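Enquirer: Pasting a structure here, questions to come.
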Ligand code: C5P
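Numbering (this note's numbering), first residue to last: 446 to 674.
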């Protein structure tokens, strides 16, 4: 049996931490709405059959942009939920993928995903029993604060990783996990709660999540230098 790969991009959030009226996924970045850049990388991978984008049912901005360059490979689904996990689950159910299909869930807010990082994820996980995610070993020293924002103590960073996306699992397993454990901030956490151990696939910090306004400049620099695609 040949494996089938799909991508799903939850983009039904409002990006409250950016403090802007325009939802984060549509904020201008290197001449395009932010989400365009991740879609370019995902649609550009020949092994990925379809890229689903999960939008809020109230989204009025998606159709104001031109997505024709992606053709039929890009499929918007207007079924976003109250949380990221709910948006992912709704999208998986609406996509009508087979339980055995691999799905790569990627945040719209990680525009600097490179073709190389994506290929590494596919290659390291295609024969894996569980699936996994891109991640980076924690580099900074970690401090735990008290209520006065003073250092309570220093945490060991040994064996600690920062989770990124895409996160890649079999569709059936991910649906089961998200239905059983709905309150998670990433897909891997739901899989872990089933007692499974997702694999950490080494990535690098260029695939960071745009969260605060200053992150936009960093992403713009990386995209414009074009050395990460
Ligand atoms: O807000 P945060 O950066 O954690 O969101 C991660 C991703 O989840 C974004 O792509 C955002 O649009 C998406 N999301 C969603 N539905 C929600 C909340 C967030 O699709 N209800």
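Cβ atoms here follow ideal geometry from the backbone N, Cα and C, with glycine treated the same way.
This structure is a prediction, so every number in the text was calculated from the model and none was measured.
1) Where do the N-terminal and C-terminal ends of the beta strand (DSSP E) with residue 658 fall, by residue?
2) List the DSSP bridge partners of residue 582.
3) How about residue 658: is its Cβ closer than 7 Å to a heavy atom in ligand 1?
4) Using 8 Å for Cβ pairs, my map puts residue 620 next to residue 579. What's the rounded Cβ distance?
5) Enumerated in chain order, which unbroken segments of the alpha helix (DSSP H) with a length of 4 residues or greater are wholly contained in the segment 498-542?
6) Judging by CA-CA distance, which residue of 467, 451, 472, 447 is the nearest neighbour of residue 556?
7) Taking the alpha helix (DSSP H) that residue 620 belongs to, which residues open and close that run?
8) Would you kindly check if the distance between the Cβ of residue 550 and the Cβ of residue 611 is under 8 Å?
9) Out of 517, 589, 653, which one is the CA nearest neighbour of residue 558?
Expert: Answer, in terms of the structure:
1) Run containing residue 658: none in the beta strand (DSSP E); it sits in the alpha helix (DSSP H), 658-670.
2) 606
3) Checking the Cβ of residue 658 against ligand 1 gives no.
4) Cβ-Cβ separation between residue 620 and residue 579: approximately 21 Å, too far for a contact (criterion under 8 Å).
5) Listed in chain order, they are 529-540.
6) 472
7) 616-625
8) With contacts defined as CB atoms closer than 8 Å, residue 611 and residue 550 qualify as a contacting pair.
9) 653
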